[in-house]
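K.L.:
Would you mind keeping the following structure in view while I ask a few things?
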Amino acid sequence: MNKDAGLAMDEGGPFGKPLFDDPSVRALDRIGVVDVGSNSVRMVVFDGAARSPAYFYNEKVMAGLGQGLVETGRLNPKGRERALAALKRFAAVAKGMSLPPLSCVATAAVREAADGPEFQAQVERETGLKLWVIDGQEEARLSAQGVLLGWPEAEGLVCDIGGNSMELAEVSGGKVGRRVTSPLGPFRLQQVPGGKKGVHDFIEKTMESLAAEIGTHHERIYLVGGSWRAIARLDMERRGYPMTVLHEYRMGPQSVLQTVQWIGKSNLEELRAKTGTSLARMELVPLASLVLRQLVLTFHPKEIDVSSYGIREGLLYEQMPERLRMRDPLIEACRHAERTMARMPGFGKKLYNFLLPLYSNASAERLRLVRAACLLHDTTWRAHPDYRAEVCFDNATRANLGGLSHAERVFLGLALLHRYKNSREGSRMEPLFALLTDQQISDAEVLGKAMRFGAMFSIKSPEDAGSLDWRPNKKILQLTLKPGAEALFGEVAQARFTSLAQALGAEAKVVMAKE
Numbered sequence: 003m004n005k006d007a008g009l010a011m012d013e014g015g016p017f018g019k020p021l022f023d024d025p026s027v028r029a030l031d032r033i034g035v036v037d038v039g040s041n042s043v044r045m046v047v048f049d050g051a052a053r054s055p056a057y058f059y060n061e062k063v064m065a066g067l068g069q070g071l072v073e074t075g076r077l078n079p080k081g082r083e084r085a086l087a088a089l090k091r092f093a094a095v096a097k098g099m100s101l102p103p104l105s106c107v108a109t110a111a112v113r114e115a116a117d118g119p120e121f122q123a124q125v126e127r128e129t130g131l132k133l134w135v136i137d138g139q140e141e142a143r144l145s146a147q148g149v150l151l152g153w154p155e156a157e158g159l160v161c162d163i164g165g166n167s168m169e170l171a172e173v174s175g176g177k178v179g180r181r182v183t184s185p186l187g188p189f190r191l192q193q194v195p196g197g198k199k200g201v202h203d204f205i206e207k208t209m210e211s212l213a214a215e216i217g218t219h220h221e222r223i224y225l226v227g228g229s230w231r232a233i234a235r236l237d238m239e240r241r242g243y244p245m246t247v248l249h250e251y252r253m254g255p256q257s258v259l260q261t262v263q264w265i266g267k268s269n270l271e272e273l274r275a276k277t278g279t280s281l282a283r284m285e286l287v288p289l290a291s292l293v294l295r296q297l298v299l300t301f302h303p304k305e306i307d308v309s310s311y312g313i314r315e316g317l318l319y320e321q322m323p324e325r326l327r328m329r330d331p332l333i334e335a336c337r338h339a340e341r342t343m344a345r346m347p348g349f350g351k352k353l354y355n356f357l358l359p360l361y362s363n364a365s366a367e368r369l370r371l372v373r374a375a376c377l378l379h380d381t382t383w384r385a386h387p388d389y390r391a392e393v394c395f396d397n398a399t400r401a402n403l404g405g406l407s408h409a410e411r412v413f414l415g416l417a418l419l420h421r422y423k424n425s426r427e428g429s430r431m432e433p434l435f436a437l438l439t440d441q442q443i444s445d446a447e448v449l450g451k452a453m454r455f456g457a458m459f460s461i462k463s464p465e466d467a468g469s470l471d472w473r474p475n476k477k478i479l480q481l482t483l484k485p486g487a488e489a490l491f492g493e494v495a496q497a498r499f500t501s502l503a504q505a506l507g508a509e510a511k512v513v514m515a516k517e
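Going by the numbering used here, the residue at position 481 of the sequence shown is 483; the numbering climbs one at a time, nothing skipped.
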């Protein structure tokens, strides 16, 4: 782990000194990692956003390297050929990108196969890539670190399922605790004798053993792995859920059990067509769903959350200095977006400070979303004006942003929509509004209209032109114009200020500051 104790202390607060130019962070600007799993072989190149992963390049091959391992004790020959071909390509791609050496890890299949060391040597000989074969404990740790990358405040159990194994790891206080590994991967379960009853008994017995080692007191379980994501996508389909972003999708235990039962009664080919799930992945879903069912029945979590971050993101987290790990992934991603895409980087902080009087009693969670919105308010300026509002909404709800629940994504998207558009009526995004309460919808509109006014009030800084005073008890929104700022408060500015006051249900009042 890279920990640079010599870094200077940064300024406090959410808009503290940017870390992008710090040498320890610049080293993370473009990092390639390769994960050689029992089912898939994937290369990811992370780029740009220092604290929140930006996927510059992402390629996966469903090689099936560990299929049949339990029966033969060796890697699947066809899977081995496909994996080697994929790794040769990844090495060539990395060279073409002028990347530093790839960080490559191999998990259950390579570590357990009799010909695993031979494959490891062949890979290094023919591709130049050095595979680090990690044990189950290390696999669990890296997966848990991936979850911490997206959820710094994560508390509970991380459950990572691969083709030949399933790992559990405790996370609490930003640290990874106890870890355990098990043979509950779908490929392994395919080889369990005794038919359906044999598989059921094996899963139940193994899960009870895991519970004895790591405890059942965890209220939340974070799911990592392609099979879990496929099941979560099916849960969305069954529920008619309006959003298909899997990261931070949350399920209750009863919903999981109902979905597992529904999967067992459904035509998998029809489900595959509806959800866009690959054939190789869908073939593993029935067995994986039985594991998930028993996980819920044994550990009794109150909530099950899906993480798109896992081992690969854990490898990125491994290389971060501690100062960077402590940063909020949402705010850092938004800061990077502003820095690279806004017309006037740095204006988001000025806009936030100008609007702060509207949020004197706001919670820390709400202020965090206001900060994020202000940073993103101008990042889609290149979009056609007719579609700018919808592009903003799409970016917030579908972008790779960590530390955001689905409801928070929609809130942020709706606020940005109103930054460019007064009305949301007739929006094709309307089904997603159902994830918010009426009050949250109203609050998002207020934030959007506040940004709509503040962003154009003064090009340099709205604070230089005036200040806001919000008196909620009297329902008065007052704008105090500073000397010389009268000309800035033109017809359009007046209309937008009035619209903001109306959204607050307040009287709009404008006064001149005393010189």
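All C-beta atoms, glycine included, are put in the ideal place defined by N, C-alpha and C.
Assess contact between the stretch 122-136 and the stretch 51-62, defined as three or more Cβ pairs (one per stretch) separated by less than 8 Å. Is contact present?
P.N.:
Segments in contact, no.
K.L.:
Quick one: complete beta strand (DSSP E) runs, 3+ long, within the stretch 395-477?
P.N.:
Correct list: 468-473.
K.L.:
In the DSSP assignment, find the beta strand (DSSP E) that holds E509 and state where it starts and stops.
P.N.:
Note, E509: beta strand (DSSP E), 509-514.
K.L.:
Provide the residue(s) that pair with Y57 in DSSP beta bridges, ordered along the chain.
P.N.:
Answer by DSSP bridge pairing, in chain order: F48.
K.L.:
Can you tell me whether R44 is buried or exposed, with buried defined as 16 or more other CB within 10 angstroms of its CB?
P.N.:
Flag for R44 reads buried.
K.L.:
For D23, count neighbouring C-beta atoms within 10 Å of its own C-beta (all shown protein chains included) and say buried if the count is 16 or more, exposed if not.
P.N.:
Only weak support exists for where D23 lies, its pLDDT of 48 falling under 50; the coordinates are left without a value.
K.L.:
With 16 as the cutoff for other CB atoms within 10 Å, does E13 come out buried or exposed?
P.N.:
With a pLDDT of 38 at E13, under the threshold of 50, the modelled position of that residue is not reliable, and the figure given next carries that caveat. The residue in question, E13, is exposed, as its Cβ has fewer than 16 Cβ neighbours within 10 Å.
K.L.:
Short check: CB of L248 to CB of R235, under 8 Å?
P.N.:
Contact flag set, yes.
K.L.:
According to DSSP, is L384 part of a helix, a strand, or is it coil?
P.N.:
Contrary to the premise, residue 384 reads as Arg rather than Leu in this sequence. It is coil, neither helix nor strand.
K.L.:
Is it the case that the Cβ atoms of H220 and P103 are separated by a distance below 8 Å?
P.N.:
In this structure, P103 does not lie closer than 8 Å to H220 by Cβ.
K.L.:
Nearest to M522 by alpha carbon, out of A232, P154, A409, Q296?
P.N.:
No answer is possible for residue 522: the residues shown for the chain start at 3 and end at 517.
K.L.:
Check whether the stretch 447-462 and the stretch 414-429 are in contact - that is, three or more C-beta pairs closer than 8 Å.
P.N.:
Result yes; three or more Cβ-Cβ pairs closer than 8 Å.
K.L.:
Evaluate contact between the stretch 154-174 and the stretch 132-146, counting only Cβ atoms and requiring at least three cross-stretch pairs below 8 Å.
P.N.:
Yes: the two stretches touch, three or more of their Cβ pairs being nearer than 8 Å.
K.L.:
Work out the CA separation of M431 and F395 for me, nearest whole Å.
P.N.:
Their Cα atoms are separated by approximately 8 Å.
K.L.:
Do you know offhand how far E392's Cα is from Q442's?
P.N.:
Roughly 19 Å separates the two Cα atoms.
K.L.:
Can you tell me whether R329 is helix, strand or coil according to DSSP?
P.N.:
R329: coil per DSSP, three-state reduction.
K.L.:
State the Cα-Cα distance for the pair L317 and T183, rounded to the nearest angstrom.
P.N.:
Their Cα atoms are separated by approximately 19 Å.
K.L.:
Whose C-beta lies closer than 7 Å to the C-beta of F499 among residues of the same chain, with five residues either side of it excluded?
P.N.:
Result list for F499: F455, L481, A510, in chain order.
K.L.:
Could you give the residue range of the alpha helix (DSSP H) that holds M209?
P.N.:
From DSSP, the alpha helix (DSSP H) with M209 extends over 197-216.
K.L.:
Is it the case that the stretch 288-295 contacts the stretch 196-207, given that we only count it when at least three CB pairs across the two stretches are under 8 Å?
P.N.:
Contact between the stretch 196-207 and the stretch 288-295 is present, because at least three Cβ pairs lie under 8 Å.
K.L.:
Scan the stretch 144-189 and note each continuous alpha helix (DSSP H) run of 4 residues or more that stays entirely inside, going in chain order.
P.N.:
Counting whole runs of 4 or more residues, the stretch 144-189 contains no alpha helix (DSSP H) stretch at all.
K.L.:
Give me, in chain order, the residues of the same chain whose beta-carbon lies closer than 7 Å to that of V149; leave out the 5 immediate sequence neighbours on both sides.
P.N.:
Correct list, in chain order: A156, V160, V173, Y224, V226, S309, Y311.
K.L.:
Taking 8 Å as the threshold (C-beta atoms), are I306 and V258 in contact?
P.N.:
Result yes, Cβ atoms of V258 and I306 sit closer than 8 Å.
K.L.:
Given a threshold of 16 other Cβ atoms within 10 Å of its Cβ, counted over all protein chains shown, does P119 qualify as buried or as exposed?
P.N.:
So P119 ends up on the exposed side.
K.L.:
Can you list, in chain order, the residues of its chain whose CB lies under 8 Å from that of P433, leaving out five sequence neighbours each side?
P.N.:
If we look at P433 and ignore the five residues flanking it on each side, its Cβ neighbours are P244.
K.L.:
Where V47 and E320 are concerned, what is the direct C-alpha to C-alpha distance, given to the nearest angstrom?
P.N.:
If I take the Cα positions, the gap works out to 15 Å.
K.L.:
Between the Cα of E271 and the Cα atoms of M64, T382, E285, which residue gives the shortest distance?
P.N.:
The shortest C-alpha separation from E271 is found at E285.
K.L.:
So for V308, helix, strand or coil by DSSP?
P.N.:
Residue state, collapsed to three classes: strand.
K.L.:
What are the partner residues of R240, as DSSP defines its beta bridges?
P.N.:
Beta-bridge pairing links R240 to no other residue.
K.L.:
If contacts are defined as beta-carbon pairs under 8 Å, then A96 and G34 qualify, I think. What distance do you get, rounded to the angstrom?
P.N.:
The pair is a contact, with the Cβ atoms about 5 Å apart (cut-off 8 Å).
K.L.:
On the criterion of 16 or more Cβ atoms from any shown chain inside 10 Å, does K352 qualify as buried, or is it exposed?
P.N.:
Burial call: buried.
K.L.:
What do you reckon, are the CB atoms on E340 and T381 nearer than 8 Å?
P.N.:
Yes, the pair counts as a contact, with Cβ atoms nearer than the cut-off.
K.L.:
Looking at the unbroken beta strand (DSSP E) that takes in I223, where does it start and where does it end?
P.N.:
It spans 222-226 - the beta strand (DSSP E) in which I223 sits, taken as one unbroken run.
K.L.:
Alpha carbon to alpha carbon, how far is D330 from A385?
P.N.:
For D330 and A385, the distance between alpha carbons rounds to 28 Å.
K.L.:
Report yes if the CB atom of G398 is closer than 8 Å to the CB atom of G415, and no otherwise.
P.N.:
Note that residue 398 is Ala in the sequence shown, not Gly. Closer than 8 Å, so yes.
K.L.:
By how many angstroms is the C-alpha of R390 removed from the C-alpha of R426?
P.N.:
Cα to Cα, the separation comes out at about 13 Å.
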